[in-house]
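The structure appears right after this line, and notes come after that.
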Amino acid sequence: EFCPHRQTLVTGRPAWAEVEEPFLGGVFEITTTPLIDEAGKTIGSVHVNKDITERKRAEAALRESEKKYRSLIDNANDAIFITQDGFVKFPNPSALAITGYSEKEYATTPFMNLIHPEDREMVLDRHNRRLKGEEVPNNYSFRVLNKAGEELWVQLNAVYINWEGGPAIL
Numbered sequence: 182e183f184c185p186h187r188q189t190l191v192t193g194r195p196a197w198a199e200v201e202e203p204f205l206g207g208v209f210e211i212t213t214t215p216l217i218d219e220a221g222k223t224i225g226s227v228h229v230n231k232d233i234t235e236r237k238r239a240e241a242a243l244r245e246s247e248k249k250y251r252s253l254i255d256n257a258n259d260a261i262f263i264t265q266d267g268f269v270k271f272p273n274p275s276a277l278a279i280t281g282y283s284e285k286e287y288a289t290t291p292f293m294n295l296i297h298p299e300d301r302e303m304v305l306d307r308h309n310r311r312l313k314g315e316e317v318p319n320n321y322s323f324r325v326l327n328k329a330g331e332e333l334w335v336q337l338n339a340v341y342i343n344w345e346g347g348p349a350i351l
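The opening position of the sequence shown corresponds to residue 182 in the numbering used here, with each subsequent residue numbered one higher.
Here it is, written out as structure tokens:
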């Protein structure tokens, strides 16, 4: 098992480790810094121990929550997707199946190209106004074209979100 104290004694440099301590019932972050004598020789180390048990529990709970939501999105019958900067950045499996486009094709095809030409202006207007924070209908129907060029009627339920640090529509 890695020991930051030994590492600091051998290298003369700070070291770090995360250790589960069953006796204390938690997880601890241990940081060691060299203790140096007048001759410049490392004669020990200064330890700082921080109890990170609650943080580790929160991280595990977040991972579990993300896993549940990912399963929900992946198994939904509805197409769920995120548009940002004019492209579909995240399509769920149903979005791929319904339209026939692959994830790679979504990443390189402006999403407006998927909308029926007669409906593009209306959808683009609502999309841009929503991104600006204006009140527009969240629910409305329009036509899309799947990869085979077939016209499909869809009902959109759109909301503004922040995705990877920028404005997007879910």
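C-beta: ideal position from N, C-alpha, C; glycine also.
With a cutoff of 8 Å on beta-carbon distance, N320 and L305 are scored as not near each other. Distance from the CA of E235 to the CA of W344, rounded to the nearest whole angstrom, comes to 27 Å. In the DSSP annotation of this structure, the continuous segment of the alpha helix (DSSP H) that includes I279 starts and ends at 274 to 280. Bounds of the beta strand (DSSP E) holding A198 are 196 to 202. Residue environment for S283: exposed (fewer than 16 other C-beta atoms within 10 angstroms of its C-beta).
In this structure Y341 is not in contact with R301, their Cβ atoms being roughly 20 Å apart against a cut-off of 8 Å.
Judged by DSSP in its simplified three-state form, P291 adopts coil rather than helix or strand. Between the beta-carbon of S275 and that of N258 there is about 6 Å, and that keeps the pair under the 8 Å contact cut.
Secondary structure at V227: strand, using DSSP grouped into helix, strand and coil. Of the residues I233, G193, W197, K328, the one whose Cα lies closest to the Cα of T223 is G193.
Residues V304, V325 of the same chain have their beta carbon placed closer than 6 Å to that of I296, with the five preceding and five following residues left out of the count. The region 226 to 245 makes contact with the region 203 to 214, as at least three CB pairs between them are under 8 Å.
Within the region 278 to 347, complete alpha helix (DSSP H) segments of at least 4 residues are found at 284 to 289, 301 to 312, given in chain order. Looking at the backbone, the Cα of E299 and that of I279 are separated by about 20 Å.
Within a 10 Å sphere around the beta-carbon of A242 sit fewer than 16 other beta-carbons, which makes this residue exposed.
Annotated three-state conformation of E245 is helix, per DSSP.
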